[in-house]
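J.: My structure is below; once you've seen it, I'll send some questions.
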Amino acid sequence: MTTLKTKLQDDLNAAIKARDELRSATLRMTLAAITKEEVAGKEKRELSDDEVQKVITREAKKRREAAEAFAQGGRAESAEREKAEGEVLAAYLPKQLSDDELGQIVAQAVEEAKAAGAEGPRAMGQVMKIVNPKVAGQAEGGRVAAAVKQALAG
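Okay, so the sequence shown: first residue is 2 according to the numbering used here, each after it adds one.
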(Lines of atoms letter the chains of each structure in order from A and count residues from 1; the text may use other names and numbers.)
(Lines give C-alpha, C1' and ligand atoms only; values in the text may rest on other atoms or scores of the structure.)
Protein backbone atom coordinates (compact mmCIF):
# COMPACT_ATOMS: atom_id res chain seq x y z
CA MET A 1 0.00 0.00 0.00
CA THR A 2 1.27 3.49 -0.78
CA THR A 3 2.35 5.76 2.05
CA LEU A 4 -0.17 8.48 1.18
CA LYS A 5 -3.07 6.02 1.12
CA THR A 6 -1.89 4.57 4.45
CA LYS A 7 -1.77 8.08 5.93
CA LEU A 8 -5.33 8.72 4.72
CA GLN A 9 -6.55 5.50 6.35
CA ASP A 10 -4.72 6.24 9.61
CA ASP A 11 -6.19 9.76 9.66
CA LEU A 12 -9.65 8.30 8.95
CA ASN A 13 -9.32 5.96 11.95
CA ALA A 14 -8.20 8.88 14.14
CA ALA A 15 -11.12 11.03 12.92
CA ILE A 16 -13.61 8.24 13.64
CA LYS A 17 -12.22 7.80 17.17
CA ALA A 18 -12.36 11.57 17.73
CA ARG A 19 -15.95 11.59 16.37
CA ASP A 20 -14.94 14.23 13.79
CA GLU A 21 -17.86 13.72 11.39
CA LEU A 22 -16.71 16.16 8.70
CA ARG A 23 -13.15 14.81 8.52
CA SER A 24 -14.19 11.14 8.62
CA ALA A 25 -16.86 11.61 5.92
CA THR A 26 -14.43 13.50 3.67
CA LEU A 27 -11.67 10.91 4.09
CA ARG A 28 -14.15 8.07 3.47
CA MET A 29 -15.25 9.67 0.19
CA THR A 30 -11.65 10.19 -0.87
CA LEU A 31 -10.63 6.61 -0.02
CA ALA A 32 -13.68 5.36 -1.94
CA ALA A 33 -12.57 7.39 -4.96
CA ILE A 34 -9.06 5.92 -4.67
CA THR A 35 -10.46 2.37 -4.46
CA LYS A 36 -12.72 3.04 -7.44
CA GLU A 37 -9.68 4.20 -9.42
CA GLU A 38 -7.76 1.06 -8.37
CA VAL A 39 -10.44 -1.30 -9.64
CA ALA A 40 -11.19 0.64 -12.83
CA GLY A 41 -10.09 -1.10 -16.00
CA LYS A 42 -9.50 -4.77 -16.61
CA GLU A 43 -7.30 -5.54 -13.59
CA LYS A 44 -7.13 -4.33 -10.01
CA ARG A 45 -3.93 -2.44 -9.35
CA GLU A 46 -2.21 -0.48 -6.61
CA LEU A 47 -2.02 3.28 -7.19
CA SER A 48 1.29 5.07 -6.73
CA ASP A 49 1.53 8.10 -4.44
CA ASP A 50 1.44 10.37 -7.51
CA GLU A 51 -1.76 8.72 -8.73
CA VAL A 52 -3.31 8.97 -5.25
CA GLN A 53 -2.32 12.66 -5.24
CA LYS A 54 -4.15 13.15 -8.56
CA VAL A 55 -7.29 11.53 -7.14
CA ILE A 56 -7.14 13.81 -4.07
CA THR A 57 -6.63 16.83 -6.35
CA ARG A 58 -9.65 15.81 -8.43
CA GLU A 59 -11.77 15.37 -5.28
CA ALA A 60 -10.68 18.78 -3.95
CA LYS A 61 -11.61 20.38 -7.28
CA LYS A 62 -15.06 18.75 -7.09
CA ARG A 63 -15.53 20.28 -3.62
CA ARG A 64 -14.53 23.75 -4.85
CA GLU A 65 -16.88 23.57 -7.83
CA ALA A 66 -19.74 22.26 -5.68
CA ALA A 67 -19.19 25.04 -3.13
CA GLU A 68 -19.41 27.65 -5.91
CA ALA A 69 -22.55 26.04 -7.32
CA PHE A 70 -24.22 25.91 -3.89
CA ALA A 71 -23.24 29.53 -3.20
CA GLN A 72 -24.76 30.65 -6.50
CA GLY A 73 -27.88 28.63 -5.75
CA GLY A 74 -28.32 30.34 -2.40
CA ARG A 75 -27.54 27.27 -0.31
CA ALA A 76 -24.96 28.73 2.08
CA GLU A 77 -24.92 25.76 4.49
CA SER A 78 -24.10 23.28 1.74
CA ALA A 79 -21.49 25.65 0.30
CA GLU A 80 -19.80 25.93 3.71
CA ARG A 81 -19.78 22.14 4.08
CA GLU A 82 -18.14 21.70 0.66
CA LYS A 83 -15.55 24.39 1.46
CA ALA A 84 -14.73 22.68 4.76
CA GLU A 85 -14.31 19.33 2.97
CA GLY A 86 -12.01 21.04 0.46
CA GLU A 87 -9.88 22.38 3.31
CA VAL A 88 -9.56 18.88 4.80
CA LEU A 89 -8.32 17.59 1.42
CA ALA A 90 -5.97 20.56 0.93
CA ALA A 91 -3.90 19.28 3.85
CA TYR A 92 -2.92 16.26 1.72
CA LEU A 93 -1.96 18.28 -1.36
CA PRO A 94 1.31 20.08 -2.08
CA LYS A 95 1.38 23.79 -1.31
CA GLN A 96 -0.18 25.79 -4.15
CA LEU A 97 1.97 28.28 -6.02
CA SER A 98 1.32 31.97 -5.38
CA ASP A 99 0.30 34.17 -8.30
CA ASP A 100 3.80 35.71 -8.36
CA GLU A 101 5.55 32.32 -8.45
CA LEU A 102 3.21 31.10 -11.20
CA GLY A 103 3.78 34.32 -13.14
CA GLN A 104 7.55 33.84 -13.03
CA ILE A 105 7.35 30.26 -14.27
CA VAL A 106 4.98 31.30 -17.09
CA ALA A 107 7.25 34.22 -18.07
CA GLN A 108 10.23 31.86 -18.35
CA ALA A 109 8.18 29.43 -20.45
CA VAL A 110 7.02 32.23 -22.77
CA GLU A 111 10.68 33.25 -23.28
CA GLU A 112 11.59 29.61 -24.08
CA ALA A 113 8.73 29.36 -26.57
CA LYS A 114 9.71 32.65 -28.23
CA ALA A 115 13.28 31.40 -28.52
CA ALA A 116 11.85 28.34 -30.29
CA GLY A 117 10.00 30.62 -32.70
CA ALA A 118 6.49 30.56 -31.26
CA GLU A 119 4.75 33.88 -30.67
CA GLY A 120 1.33 35.30 -30.01
CA PRO A 121 -1.82 33.42 -28.97
CA ARG A 122 -0.90 30.45 -31.19
CA ALA A 123 2.04 29.73 -28.87
CA MET A 124 -0.38 28.75 -26.08
CA GLY A 125 0.02 25.00 -26.60
CA GLN A 126 3.81 25.15 -26.68
CA VAL A 127 3.97 27.32 -23.55
CA MET A 128 1.54 25.02 -21.72
CA LYS A 129 3.74 22.01 -22.59
CA ILE A 130 6.67 23.77 -20.93
CA VAL A 131 4.74 25.04 -17.88
CA ASN A 132 2.61 22.01 -16.96
CA PRO A 133 5.44 19.67 -15.85
CA LYS A 134 6.93 22.46 -13.71
CA VAL A 135 3.71 23.23 -11.85
CA ALA A 136 2.16 19.75 -11.72
CA GLY A 137 -0.02 19.50 -8.63
CA GLN A 138 0.90 22.99 -7.44
CA ALA A 139 -1.51 25.01 -9.57
CA GLU A 140 -4.86 24.24 -11.13
CA GLY A 141 -4.99 23.96 -14.93
CA GLY A 142 -7.44 26.83 -15.31
CA ARG A 143 -5.21 29.16 -13.30
CA VAL A 144 -2.19 28.15 -15.39
CA ALA A 145 -4.05 28.65 -18.69
CA ALA A 146 -5.26 32.10 -17.58
CA ALA A 147 -1.71 33.12 -16.60
CA VAL A 148 -0.34 31.89 -19.95
CA LYS A 149 -3.03 33.75 -21.92
CA GLN A 150 -2.30 36.93 -20.00
CA ALA A 151 1.46 36.60 -20.57
CA LEU A 152 1.01 35.96 -24.30
CA ALA A 153 -1.39 38.88 -24.68
CA GLY A 154 0.89 41.28 -22.81
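Each residue gets a CB set at the ideal place from its N, CA and C atoms; glycine is no exception.
All of these numbers come straight from a predicted model, not from anything done at the bench.
By Cβ distance, which residues of its chain are closer than 7 Å to residue 17, with the 5 residues on each side in sequence left out?
T.: If we look at residue 17 and ignore the five residues flanking it on each side, its Cβ neighbours are 25.
J.: Compute the distance between the beta-carbons of residue 27 and residue 113, then report whether it is under 8 Å.
T.: The answer is no: Cβ separation not under 8 Å.
J.: Residue ranges of each alpha helix (DSSP H) run of no fewer than 4 residues wholly in the stretch 9-73, ordered along the chain?
T.: Segments of the alpha helix (DSSP H) lying fully in the stretch 9-73: 22-40 and 50-73.
J.: Would residue 1 and residue 109 qualify as a contact pair, given that the criterion is a beta-carbon distance under 8 Å?
T.: The question about residue 1 has no answer here: the residues shown for the chain are numbered 2 through 155.
J.: Tell me which same chain residues have a C-beta within less than 6 Å of the C-beta of residue 23, skipping the five on either side of it?
T.: The residues are 85.
J.: Report yes if the CB atom of residue 128 is closer than 8 Å to the CB atom of residue 106, and no otherwise.
T.: No. Outside cutoff.
J.: What did DSSP end up calling residue 141 once you bin it into helix, strand or coil?
T.: In the structure shown, residue 141 sits in coil (DSSP, three-state: anything other than H, G, I, E or B).
J.: So is residue 4 buried or exposed if we call it buried at 16+ other beta carbons inside 10 Å?
T.: When all chains shown are included, residue 4 counts as exposed.
J.: Threshold first: 4 residues or longer. Then list the alpha helix (DSSP H) segments lying entirely within the stretch 76-144, N to C.
T.: Entirely contained in the stretch 76-144, the alpha helix (DSSP H) runs reaching 4 residues are, in chain order, 77-91, 100-116 and 125-136.
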